[in-house]
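Notes follow the structure.
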Amino acid sequence: MSYDDNHIRHCMLYEYRSGLKAKQAFEKISAVYPGALSLSKCEKWFAKFKSGDYDLGDRPKSGRPSETDIDVLRDHIESDPRLSSRELAIRLGTTHTTVLRHLHDMGKVSKCRIRVPHKLTENQLLQRVTICTSLLARIAVDPFLNRIITGDEKWVLYVNVERKKQWLELSQKPVPTPKPGLHPKKVLLCVWWDMDGVVHFELMDMGQAITAEVYCQQLDRLQAKLATDRPALVNRKGVILHQDNARPHTAKLTRDKLKSFGWEVLPHPSFRPDIAPSDYHLFQSLQHFLSGKDFNTKEEIEIAIAGFFSQKPKKFYRDGIEEWPRRWERVVENDGQYIID
């Protein structure tokens, strides 16, 4: 049975003014006029009413859209850029394809939001600005980047699933890519490097945690490598160690160890992957190398990673360190906010 659309619209407006929600109105109207209305259509009209538009007539279906319609669409996007095209269609009382066409004409594209590691507090923002400002002031009179040894850790999976885009027909669905399990088999990589390359790296044993005692043992091995491979740095220039603020790195045992070496520790704010060379440079390239590779043993991983480090030219490592001051500048310019690459 067919029903008069204009009458159904009056019914929806009546229920809206009565204070019902779209779903409640849909159920009430459908009980009297079965099949006359869909829930999505009712939601569309309720969104229209909520915006203050009570016109029950049809919108033009063809021709150039009015500037008012485009202005309303632009206002919705500027107030909440996360709205989907379908949500915008409901709010504007038009079709999904019409919204897409208007968005395209406006030069808008859909981009995924970028995750940041931590919501920074005012104190943390200030800390980032203060430390980066002090480092910029220091490097202006003391070009110390060639004295930096930077260290960090990264989990390496035994099975590294590669995700690729797929060229398909419009009606085809992409072949799904399995996600790693909740607890994938993995090993922790610890690496220290400078402008000339990787000085030392280790893979932790399964289940072994990094404590202050373990970290100090790693530092002993790092110091021995530096004495052999970077004697000028150890004997004349002086090592400046860059590390994060994890507890094993800041424990008294560790501080005493570094003091016995005569090493300086570079100031570094918390929650800092955007200004840590391993995170923004080395590990990104390493992850690309690991993508699609499967390993059966820790030894296989160690061989692969050693090959990756040795095949990288010195310029790769130098570029990563020399990018650092430019990132300090960006942090200061952004009032401490994360750098979004």
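2 is the number of the first residue of the sequence shown in the numbering used here; add one for each residue after it. Note that beta-carbon positions come from the ideal geometry of N, C-alpha and C, so glycine has one too.
When the options are compared against residue i, the one with the closest alpha-carbon
{"i": "Thr-96", "options": "Arg-75, Lys-42, Lys-51", "result": "Lys-42"}
{"i": "Gly-321", "options": "Glu-28, Ala-213, Ile-276, Ala-26", "result": "Ile-276"}
{"i": "Val-162", "options": "Lys-24, Asn-124, Gln-288, Val-130", "result": "Gln-288"}
{"i": "His-269", "options": "Trp-325, Gln-219, Pro-314, Arg-319", "result": "Trp-325"}
{"i": "Val-332", "options": "Phe-50, Met-107, Lys-29, Arg-129", "result": "Arg-129"}
{"i": "Leu-74", "options": "His-103, Lys-49, Phe-47, Leu-57", "result": "His-103"}
{"i": "Pro-274", "options": "Ile-341, Lys-253, Thr-298", "result": "Ile-341"}
{"i": "Asp-56", "options": "Asp-72, Glu-16, Asn-7, Leu-89", "result": "Asn-7"}
{"i": "Ser-52", "options": "Arg-83, Gly-94, Thr-298", "result": "Gly-94"}
{"i": "Glu-234", "options": "Asp-106, Gln-218, Phe-262", "result": "Rather than Glu, the amino acid found at residue 234 in this sequence is Leu. The residue with the shortest Cα to Cα distance from Leu-234 is Phe-262."}
{"i": "Met-196", "options": "Asp-106, Leu-84, Phe-317, Lys-49", "result": "Phe-317"}
{"i": "His-11", "options": "Glu-300, Gly-36, Gln-25, Gly-58", "result": "Gly-58"}
{"i": "Asn-297", "options": "Asp-280, Lys-109, Val-160, Pro-232", "result": "Val-160"}
{"i": "Arg-319", "options": "Ser-279, Leu-220, Asn-236, Glu-123", "result": "Ser-279"}
{"i": "Gly-208", "options": "Lys-315, Lys-299, His-105", "result": "Lys-299"}
{"i": "Glu-265", "options": "Gly-239, Phe-290, Ser-271", "result": "Gly-239"}
Three-way DSSP call (helix, strand, coil) for residue i in this model
{"i": "Asp-257", "result": "helix"}
{"i": "Trp-329", "result": "helix"}
{"i": "Lys-120", "result": "coil"}
{"i": "Leu-1", "result": "Lying before the first or after the last residue shown, residue 1 is absent from the chain, which here runs from 2 to 342."}
{"i": "Asp-295", "result": "strand"}
{"i": "Thr-151", "result": "strand"}
{"i": "Pro-66", "result": "Interpretation of Pro-66 is limited by its pLDDT of 46, a score under 50 that renders its predicted location unreliable; the figure taken from the coordinates is listed afterwards. Coil at Pro-66, not helix or strand."}
{"i": "Lys-187", "result": "strand"}
{"i": "Leu-126", "result": "helix"}
{"i": "Thr-95", "result": "coil"}
{"i": "Ile-241", "result": "strand"}
{"i": "Gly-308", "result": "helix"}
{"i": "Phe-202", "result": "strand"}
{"i": "Glu-265", "result": "strand"}
{"i": "Asp-143", "result": "coil"}
{"i": "Leu-40", "result": "helix"}
{"i": "Gln-338", "result": "coil"}
{"i": "Asp-197", "result": "coil"}
{"i": "Leu-158", "result": "strand"}
{"i": "Arg-10", "result": "helix"}
{"i": "Asp-5", "result": "coil"}
Integer Cβ distance of residue i from residue j, believed to fall under 8 Å
{"i": "Thr-212", "j": "Pro-249", "result": "6 Å"}
{"i": "Phe-310", "j": "Gly-198", "result": "7 Å"}
{"i": "Leu-126", "j": "Gln-312", "result": "Leu-126 to Gln-312, Cβ: 39 Å. No contact."}
{"i": "Thr-151", "j": "His-77", "result": "With a Cβ gap of about 46 Å, Thr-151 and His-77 do not count as contacting."}
{"i": "Ile-30", "j": "Leu-40", "result": "The Cβ separation is near 11 Å, so there is no contact."}
{"i": "Ile-241", "j": "Arg-148", "result": "5 Å"}
{"i": "Glu-323", "j": "Leu-146", "result": "7 Å"}
{"i": "Trp-194", "j": "Leu-283", "result": "7 Å"}
{"i": "Tyr-34", "j": "Ala-26", "result": "With a Cβ gap of about 12 Å, Tyr-34 and Ala-26 do not count as contacting."}
query: With a cut-off of 8 Å, do at least 3 Cβ pairs link the stretch 183-202 to the stretch 141-161?
result: yes
field: Given 8 Å, three or more beta-carbon pairs between the stretch 202-217 and the stretch 239-256
entry: yes
Cβ pair count under 8 Å reaching 3, the stretch 292-311 against the stretch 193-207: yes
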